[in-house]
Amino acid sequence: MPKKPAPPALSSFELNHESWSIFQIISEFVEGFEQLSRVQPSVSVFGSARIKPGDPDYALTEQTCRQLSDAGFTVVTGGGPGVMEAGNKGAQAGESHSVGLNIVLPREQIPNAYQDLSLHYRHFFSRKVMFVKYACAHVVMPGGFGTLDELMEILTLVQTRKVRRVPIILVRKSFWQGLLDWFTDSLAARGAINPDDLGLLNVVDSPDEVLSVIQEFEETHGLEHTARDVALMRGL
């Protein structure tokens, strides 16, 4: 059988481009680690970029993040419009920091105007690490594919014990119920996940409930990272 020809070598331009990308990624991690380590404890907030002011979920997000901020939690969002804007707006009106992890897209995402600290990323995966690394809780508002992507990645990291277990809070029961039913009736029923994995999720409807879940976790487990938590995060 004839041997397959070797793939063509990269041009010097392509090699230089790849090397430069590595340095970009390193710089994104370094800046993120340095900046976000200063604003703990923090809560990551996810949700749709498409909702507008006046939407009930916009108001719910703004109120939730205002209460989190007043309770001493830095709020970290993706820095864009919709839920992200509402979260930063509520946080900035409160007592703690409002942080945006902005992503550079072909159709450029315009950072919202309510960020005390604004970081910018070219790579989704380094941005995702920043959402997880310092968060003591994750609040997930109604959203689309991007929100689901972030939720599933967090669930996977916690399920596989790559990161510390922290509260994962789904807000708006009526929105999430269909997905939760599918988790139970399809995934857990077929053994694709352990039924206990469903306990990783908290489902609530109000800002008071969001804060209560986090505070109850703080009372029983604490929000400070243990030595084991630090070791896990170094593996990210």
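The sequence shown finishes on residue 323 if you use my numbering, and the numbering steps up by one all the way, no holes. Note that the Cβ used here is the ideal one computed from N, Cα and C, for glycine as well. Source: prediction; values computed, not measured.
The beta carbon of Q127 sits closer than 8 angstroms to those of T161, Y221, C223, all from its chain and outside the five residues before and after it, given in chain order. Residue environment for S156: buried (at least 16 other C-beta atoms within 10 angstroms of its C-beta). G231: not part of any beta strand (DSSP E); DSSP gives it neither H nor E.
K215 and E237 have their alpha carbons spaced roughly 8 angstroms apart. Annotation for D284: Q246 place their beta carbon closer than 6 angstroms to its own, counting only its chain and skipping 5 residues before and after. Taking S293 as reference, the option from T148, N175, F211 with the minimal CA-CA separation is T148.
If the five residues before and after R259 are omitted, its C-beta is found closer than 8 angstroms to the C-beta atoms of D144, L147, M228, P229, D292, all from its own chain and listed in chain order.
Beyond the five residues adjoining it in sequence on each side, E240 comes within less than 7 angstroms, by CB distance, of K215 in the same chain, given in chain order.
Under the DSSP assignment, I301 falls outside any beta strand (DSSP E), being part of the alpha helix (DSSP H) whose first and last residues are 294 to 308. Closest option to K139, judged by alpha-carbon separation, among G167, D268, V191: G167. According to the DSSP assignment, L287 belongs to no beta strand (DSSP E), since it is labelled neither H nor E. Residues of the same chain with a CB within less than 7 angstroms of the CB of Y201, apart from the 5 flanking positions on each side, are E172, N175, K176, Q179, S185 in chain order.
Taking C-beta separations shorter than 7 angstroms and ignoring five residues to either side along the sequence, the partners of L188 in its chain run V163, G165, G166, L206, Y208, R214, M217, F218, following chain order. If you draw a 10 Å sphere on the C-beta of G159, you find fewer than 16 other C-beta atoms in it, and that means exposed.
Of the other Cβ atoms in all chains shown, 16 or more fall within 10 Å of the Cβ of P198; this residue is therefore buried.
Spatial neighbours of Q154 in its own chain (CB-CB distance under 6 angstroms, excluding positions within 5 residues in sequence) are listed in chain order as P294, L298. When the alpha-carbon of A279 is set against those of V300, F270, L287, the nearest one is in F270. In its chain, beyond the 5 residues on either side, F133, G134 have a beta carbon closer than 6 angstroms to the beta carbon of T234.
By the Cβ-count criterion, G141 is exposed, with fewer than 16 other Cβ atoms from all chains shown falling within 10 Å of its own Cβ. For T164, there is no enclosing alpha helix (DSSP H); the enclosing beta strand (DSSP E) covers residues 161 to 164. In the same chain as V253, and ignoring 5 residues on each side of it, the C-beta atoms closer than 6 angstroms to its own belong to C223, A224, in chain order.
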